[in-house]
């Protein structure tokens with residue numbers, strides 16, 4: 003994931019944000035307990051969105067307890083504990099990180115200070131401990147398909163975005179009750195497509211300079227006009243609308259803080275994250291403008 007799936011802080015109460023952090027810390031704790039200390043280094047805030055969705059449809063009582071950790075050894079942090087949603091998000095995070103590193107090794111990519119092959123070796127035991135072999139195969143298949151499209155420099159944004167959407171859809175729906183699986187799959191698919199397209203749009207200037215694969219460069223050439231940026235942003239918002247429509251089909255009661263945070267991310271966090279596509283957006287910053295929901 004690419005750091006897009008975060009709440010819009012100005013619209014989140016302090017209490018709800020503390021709950022958000024407790025879910026993040028709960029996933030981190032679950033990773034350390036289930037897949038090892040090293041695996042927790044792969045956690046990112048995007049996976050909290052997955053945990054929130056599974057918390058909401060799970061309908062279980064949430065237990066939050068203070069715990070110390072290596073990052074915060076002096077002051078205990080509130081953490082969601084013993085919850086199937088955070089446990090699942092922890093294991094799915096490891097599988098996704100491992101398969102992404104395996105894909106980087108195949109493509110010869112070198113990102114950061116640690117070579118992908120070294121990081122992959124360090125995560126191999128964590129992947130085994132994570133289990134979920136059927137999901138692991140689905141992730142591998144989706145990333146292999148996506149990598150083939152990128153190596154083939156497919157000009158269409160829809161095909162690679164669809165592959166990444168399928169990947170997240172599979173993760174969101176895996177092991178969920180039949181009554182929830184279809185809606186969760188469609189939400190994951192929408193968010194996955196959004197992430198891939200938004201990342202391609204944000205990387206456009208860099209990819210023009212480097213010659214790296216980018217469907218928007220192949221479509222629009224060396225420059226994105228203001229009209230093209232607005233078209234891309236409108237398409238991204240419509241993609242989220244499809245996810246929202248699927249979510250609304252679920253027979254959910256009041257989901258409390260988890261529900262409020264989930265909808266905040268879907269309605270505000272993700273749309274604001276692509277405000278860099280607005281014509282008057284400051285360079286290097288994400289302009290935050292009033293927004294009234296996902297539907298255009």
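Residue numbers (the numbering used here): 3 to 298. By construction, the Cβ of each residue, glycine as well, lies at the ideal position given by its N, Cα and C atoms.
{"query": "Where residue 61 falls, given that 16 or more other Cβ within 10 Å makes a residue buried", "result": "exposed"}
{"query": "Selected residue, minimal CA-CA separation from residue 85, among 75, 65, 27, 95", "result": "65"}
{"query": "For residue 79, the residue or residues it bridges with in DSSP", "result": "69"}
{"query": "Host alpha helix (DSSP H) of residue 207 (start-end)", "result": "206–212"}
{"query": "Straight-line gap, residue 12 to residue 277 (C-alpha atoms, nearest Å)", "result": "15 Å"}
{"query": "Cβ distance (whole Å) where residue 272 is taken to contact residue 166 below 8 Å", "result": "In fact, because the Cβ distance is near 15 Å, the residues do not count as touching under 8 Å."}
{"query": "C-beta atoms of residue 47 and residue 8 nearer than 8 Å", "result": "yes"}
{"query": "Between the CA atoms of residue 251 and residue 54 - distance to the nearest angstrom", "result": "17 Å"}
{"query": "DSSP state of residue 46 mapped onto helix, strand, coil", "result": "coil"}
{"query": "C-beta atoms of residue 202 and residue 218 nearer than 8 Å", "result": "yes"}
{"query": "Exposed unless 16 or more other CB atoms sit within 10 angstroms - verdict on residue 182", "result": "buried"}
{"query": "As assigned by DSSP and simplified to three states, the class of residue 85", "result": "coil"}
{"query": "Pairwise C-alpha distance: residue 42 and residue 30", "result": "6 Å"}
{"query": "CA-to-CA distance, residue 100 to residue 173, given in whole angstroms", "result": "14 Å"}
{"query": "Cβ-Cβ distance between residue 73 and residue 24 below 8 Å", "result": "no"}
{"query": "CA nearest to the CA of residue 5, picked from 193, 240, 263", "result": "193"}
{"query": "Residue 25: first and last residue of the uninterrupted alpha helix (DSSP H) it sits in", "result": "16–36"}
{"query": "Beta-carbon separation (whole angstroms), residue 188 vs residue 164, contact threshold 8 Å", "result": "Residue 188 to residue 164, Cβ: 13 Å. No contact."}
{"query": "Residue 162 - DSSP class collapsed to helix/strand/coil", "result": "helix"}
{"query": "Where residue 138 sits in the DSSP three-state scheme", "result": "helix"}
{"query": "Cut-off 6 Å between Cβ atoms - residues of its own chain near residue 275, not counting five sequence neighbours on either side", "result": "6"}
{"query": "Cα-Cα separation between residue 133 and residue 124, rounded to whole angstroms", "result": "16 Å"}
{"query": "Sub-8 Å separation of residue 137 and residue 178 beta-carbons", "result": "no"}
{"query": "Contact check, residue 37 vs residue 92, beta carbons under 8 Å", "result": "yes"}
{"query": "Buried/exposed call for residue 112, threshold 16 Cβ in 10 Å", "result": "With a pLDDT of 48 at residue 112, under the threshold of 50, the modelled position of this residue cannot be trusted; read the value that follows with caution. Label assigned to residue 112: exposed."}
{"query": "For residue 210 and residue 104, the rounded distance between their alpha carbons", "result": "26 Å"}
{"query": "Neighbourhood of residue 28 by C-beta, 7 Å cutoff - its chain only, sequence neighbours within 5 removed", "result": "81, 82, 83, 85, 88"}
{"query": "Other residues of its chain near residue 259: CB distance less than 6 Å, five sequence neighbours each side excluded", "result": "18, 21"}
{"query": "Short Cβ contact (8 Å threshold) for residue 254 with residue 58", "result": "yes"}
{"query": "Supposed contact pair residue 267 and residue 51 - C-beta distance, whole angstroms, cut 8 Å", "result": "6 Å"}
{"query": "Endpoints, the alpha helix (DSSP H) within which residue 7 is located", "result": "Premise fails: residue 7 is in no alpha helix (DSSP H) and is neither H nor E."}
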